[in-house]
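Counting in the working numbering, the sequence shown runs from 1419 upward without gaps.
Down below is the structure, laid out as structure tokens.
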Amino acid sequence: MTDPKAQWEKVTALNIDQNLKLGPIYSYFLLKDPKCLAFVLSRYKFASKMLKSKKRIIEVGCGEGIGALMLAGETDAQVVGYDFDESQITYARKNLLIPFEEQNPHDRGRLLYEARDFSNDGEAKSAFDGLVCLDVIEHLPRGEEELAFLTNCRRCLKEGGVAIIGTPSLHASDYASERSQIGHINLFSPDRLVSTLENHFSNVFLFSMNDEVVHTGFDKMAHYLIALCVA
1419 MTDPKAQWEK VTALNIDQNL KLGPIYSYFL LKDPKCLAFV LSRYKFASKM
1469 LKSKKRIIEV GCGEGIGALM LAGETDAQVV GYDFDESQIT YARKNLLIPF
1519 EEQNPHDRGR LLYEARDFSN DGEAKSAFDG LVCLDVIEHL PRGEEELAFL
1569 TNCRRCLKEG GVAIIGTPSL HASDYASERS QIGHINLFSP DRLVSTLENH
1619 FSNVFLFSMN DEVVHTGFDK MAHYLIALCV A
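As structure tokens, this is what we get:
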């Protein structure tokens, strides 16, 4: 007869001697609104599936870097995460990059984090074939800064490259948390998101998202919008 405890000890023997420390943003999610962490990770799962075959992926606005880590784990691409918040890049390098390379020495150099303000300082032209930008554009003032940011996003993609751009929907703003309402200064309706992105990309395909489910349902009832854009 199988001994459950003995079997479980075989499982735990496969654990790694590595503990990751969450940064302040994801710690906030986990302690204040845990389901939001699941929603965020679901967006990165979608992005990693859409960019599975890409060779070089840039994440613009990577925050504490968990999404870029997931992209590196789910694809074979070189992944570069950029954020203008140097404290978040410092966290990602110390708490995610070092453990990632220790556990995956053959992948050393495949995941990078850099501090950069993409509104003012973009990447080299045509340097990437995949781009991810989730929960960023709603924080940028409408007008010149938004235009400069999206121009730099398009510029760094090769022809035919794919961008995954996600943002909360304007139509769900009445139900947003106080934290979101403070930070989200430029919300998009589905129509404005598509028309804005069509000024930069040759094709834009809009998906809706409610909780952790990405779908093609009625976009006015979506909490979150994800656009798959082709350069």
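We put the beta carbon where it would ideally sit given N, CA and C, even for glycine.
Leaving aside the five residues before and after Ser-1620 along the sequence, list all residues of the same chain whose C-beta is less than 8 Å from its C-beta, in chain order.
-> If the five residues before and after Ser-1620 are omitted, its C-beta is found closer than 8 Å to the C-beta atoms of Val-1648 and Ala-1649, all from its own chain and listed in chain order.
What do you get for Lys-1473, buried or exposed, if any count of 16 or more other CB atoms within 10 angstroms of its CB means buried?
-> Lys-1473 comes out exposed.
Using CA coordinates, which residue listed in Glu-1520, Leu-1568, Val-1631 and Asn-1538 is at the minimum distance from Gln-1436?
-> Checked all of Glu-1520, Leu-1568, Val-1631 and Asn-1538; the closest Cα to Gln-1436 is Glu-1520.
Please name the residue or residues paired with Pro-1586 in a DSSP beta bridge.
-> DSSP lists Tyr-1642 as partners of Pro-1586.
Counting only runs that start and end within the segment 1588-1612, where is the alpha helix (DSSP H) found for 4 or more residues in a row?
-> Within the segment 1588-1612, the runs of alpha helix (DSSP H) that reach at least 4 residues and sit entirely inside it are, in chain order, 1596-1601.
Extent of the continuous beta strand (DSSP E) to which Asn-1513 belongs | Element bounds for Asn-1513: n/a, residue is neither H nor E.
Span of the beta strand (DSSP E), counted from its first residue to its last, around Met-1419 = No beta strand (DSSP E) holds Met-1419; DSSP gives it neither H nor E.
Using CA coordinates, which residue listed in Ile-1516, Lys-1576, Asp-1553 and Ile-1600 is at the minimum distance from Ile-1644?
-> Of Ile-1516, Lys-1576, Asp-1553 and Ile-1600, the residue nearest in Cα terms is Asp-1553.
Phe-1636 - DSSP class collapsed to helix/strand/coil = Correct three-state label for Phe-1636: coil.
Should the segment 1463-1478 be called in touch with the segment 1493-1502, which here means at least 3 C-beta pairs below 8 Å?
-> For the pair of segments examined, the segment 1463-1478 was found to touch the segment 1493-1502: the number of CB pairs separated by less than 8 Å reaches three.
Using DSSP bridges, identify the partner residues of Gln-1506.
-> Partner residues in a beta bridge of Gln-1506, as assigned by DSSP, do not exist.
Helix, strand or coil: how does DSSP classify Gln-1521 here?
-> Helix at Gln-1521.
In chain order, what residues of the same chain lie with their CB nearer than 8 Å to the CB of Arg-1572, ignoring the 5 residues before and after it?
-> If we look at Arg-1572 and ignore the five residues flanking it on each side, its Cβ neighbours are Ala-1581, His-1618, Phe-1619 and Ala-1649.
Terminal residues of the alpha helix (DSSP H) in which Gly-1485 lies | In the DSSP assignment, Gly-1485 falls within the alpha helix (DSSP H) that extends over 1484-1492.
Sheet register partners of Ile-1476 (DSSP bridge) | According to DSSP, which records beta bridges pairwise, Ile-1476 is partnered with Val-1498 and Leu-1549.
Between Lys-1463 and Ser-1626, what straight-line distance do the alpha-carbon atoms span, to the nearest angstrom?
-> Those two C-alpha atoms are separated by around 15 Å.
With which residues is Cys-1647 paired in a DSSP beta bridge?
-> According to DSSP, Cys-1647 bridges with Ala-1581 and Val-1622.
Residue of Lys-1450, Leu-1530 and Lys-1453 minimising C-alpha distance to Met-1488 = Leu-1530 is the residue among Lys-1450, Leu-1530 and Lys-1453 whose C-alpha sits nearest the C-alpha of Met-1488.
Spatial neighbours of Tyr-1593 within its chain, please: CB distance less than 8 Å, with the 5 preceding and 5 following residues excluded, ordered by chain position.
-> Contacts found: His-1641.
Drop a sphere of 10 angstroms on the beta-carbon of Met-1468, count the other beta-carbons inside from all chains shown, and report buried for 16 or more, exposed for fewer.
-> Met-1468 is buried by the Cβ-count criterion.
What span of residues does the beta strand (DSSP E) with Glu-1532 cover, start to end?
-> Here the beta strand (DSSP E) through Glu-1532 covers 1529-1533.
Which of helix, strand or coil does DSSP assign to Val-1429?
-> The answer is helix: DSSP assigns Val-1429 an H, G or I state.
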